[in-house]
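Engineer: Pasting a structure here, questions to come.
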Amino acid sequence: MKRMLKKINVVREEEAAEAGSWREQQQQQQQQQHRRGGKAAGCFDLQAAEAAAEAAAAAAQQQMNEQLQHLAARLKEMNLSRPQVETFEEIRVQGSNKRLGDLSQVQIKGSSVVVLSLFSEHSLPKVISALRKVDDNWRIVEEGPTTIRVQLPKMTEELRNSFAAQAKAAAEECKVHIRRVRQEARGKLRVLFKDSSSSEGSKRDEEQQLQQITDAAIKQATQLLSEKLKQLAATRA
Numbered sequence: 001m002k003r004m005l006k007k008i009n010v011v012r013e014e015e016a017a018e019a020g021s022w023r024e025q026q027q028q029q030q031q032q033q034h035r036r037g038g039k040a041a042g043c044f045d046l047q048a049a050e051a052a053a054e055a056a057a058a059a060a061q062q063q064m065n066e067q068l069q070h071l072a073a074r075l076k077e078m079n080l081s082r083p084q085v086e087t088f089e090e091i092r093v094q095g096s097n098k099r100l101g102d103l104s105q106v107q108i109k110g111s112s113v114v115v116l117s118l119f120s121e122h123s124l125p126k127v128i129s130a131l132r133k134v135d136d137n138w139r140i141v142e143e144g145p146t147t148i149r150v151q152l153p154k155m156t157e158e159l160r161n162s163f164a165a166q167a168k169a170a171a172e173e174c175k176v177h178i179r180r181v182r183q184e185a186r187g188k189l190r191v192l193f194k195d196s197s198s199s200e201g202s203k204r205d206e207e208q209q210l211q212q213i214t215d216a217a218i219k220q221a222t223q224l225l226s227e228k229l230k231q232l233a234a235t236r237a
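As numbered in the UniProt record's numbering, residues 1 to 237 make up the sequence shown, in order.
Here is the structure:
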């Protein structure tokens with residue numbers, strides 16, 4: 001009987017040792033899985049990088065479009081052809097949200113004279129101030145408490161060449177800003193894809209897309225300048 005009990009105790013001790021060894025193995029496996037999981041969490045996420053790159057390209061395109069809009073507005077101000085009623089009506093009066101069209105009736109007389117008939121004599125100082133801020137070359141004459149005559153400068157070769165030079169400078173400035181936007185976007189792409197050699201293809205595709213956006217913006221700036229130079233040349237007729 002004693003031998004049998006001793007044998008049973010030995011078996012139990014062996015089973016306990018095996019159970020302890022099994023628990024130790026389980027703990028080791030769990031620790032290894034945890035370490036693998038932590039490593040996986042820090043791995044390069046190509047899908048997230050591509051999404052961020054698309055967002056960066058879209059933001060760059062928006063900034064380029066804003067530069068083109070600014071260029072178009074600047075070139076529009078260099079209008080030396082017959083004055084347009086709409087141009088004067090849209091002039092903003094400083095210190096209010098009013099336009100000249102809200103404060104007066106605009107009439108075009110001839111090729112270089114604009115007459116404004118004010119709705120109220122109280123707005124005379126503000127209207128004159130707004131006109132002077134637009135162009136120092138305009139000759140502004142008060143013909144009465146509610147009437148203003150604006151004499152626009154006649155086109156000369158010197159003035160035409162001056163506006164052509166200004167237009168070229170504005171277009172070049174726009175292109176410089178566009179290229180700067182491209183460089184900033186490229187820097188973002190390098191940061192996004194720097195942690196994985198397997199992402200070279202995606203990085204190259206994103207850079208090509210960015211370059212296409214840039215080329216299109218540069219081409220549009222060139223086209224805006226070309227149209228303005230043709231418009232200025234047409235005033236020789």
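Glycine included, every Cβ here is placed at the ideal spot set by N, Cα and C.
By Cβ distance, which residues of its chain are closer than 7 Å to Leu192, with the 5 residues on each side in sequence left out?
Structural biologist: Ala49, Ala52, Ala53
Engineer: Going by C-alpha distance, which of Asp102, His70, Ile140, Asp45 is nearest Ala221?
Structural biologist: His70
Engineer: In whole angstroms, what separates the C-alpha of Val127 from that of Gln151?
Structural biologist: 15 Å
Engineer: Drop a sphere of 10 angstroms on the beta-carbon of Met1, count the other beta-carbons inside from all chains shown, and report buried for 16 or more, exposed for fewer.
Structural biologist: In this prediction, Met1 has a pLDDT of 49, which is less than 50 and means its spatial position is unreliable; what the coordinates show is noted afterwards. Looking at its Cβ environment, which holds fewer than 16 other Cβ atoms inside 10 Å, Met1 is exposed.
Engineer: Considering only residues of the region 59 to 138, which uninterrupted alpha helix (DSSP H) runs meet the minimum length of 4 residues and lie entirely inside it, listed in chain order?
Structural biologist: Fully enclosed alpha helix (DSSP H) runs of no fewer than 4 residues occupy 85 to 89, 100 to 103, 124 to 134 of the region 59 to 138, in order along the chain.
Engineer: Give me the DSSP bridge partner(s) of Val141.
Structural biologist: Arg149
Engineer: Give the secondary structure of Lys230 by DSSP, where H, G and I count as helix, E and B as strand, and everything else as coil.
Structural biologist: helix
Engineer: Just to check my reading of the structure: Leu232 and Arg182 have Cβ atoms closer than 8 Å, yes? What is that Cβ distance to the nearest angstrom?
Structural biologist: So it is not a contact: roughly 30 Å between Cβ atoms.
Engineer: Pick helix, strand or coil for Asp215, following the three-state DSSP scheme.
Structural biologist: In this structure, Asp215 counts as helix in the three-state DSSP scheme.
Engineer: Grab the span of the alpha helix (DSSP H) containing Lys188 for me, first residue to last.
Structural biologist: Boundaries of the alpha helix (DSSP H) around Lys188: 157 to 193.
Engineer: Considering only residues of the same chain and omitting the five flanking positions on each side of Gln94, which have a CB-CB separation below 8 Å?
Structural biologist: Lys126, Ser129, Ala130, Lys133
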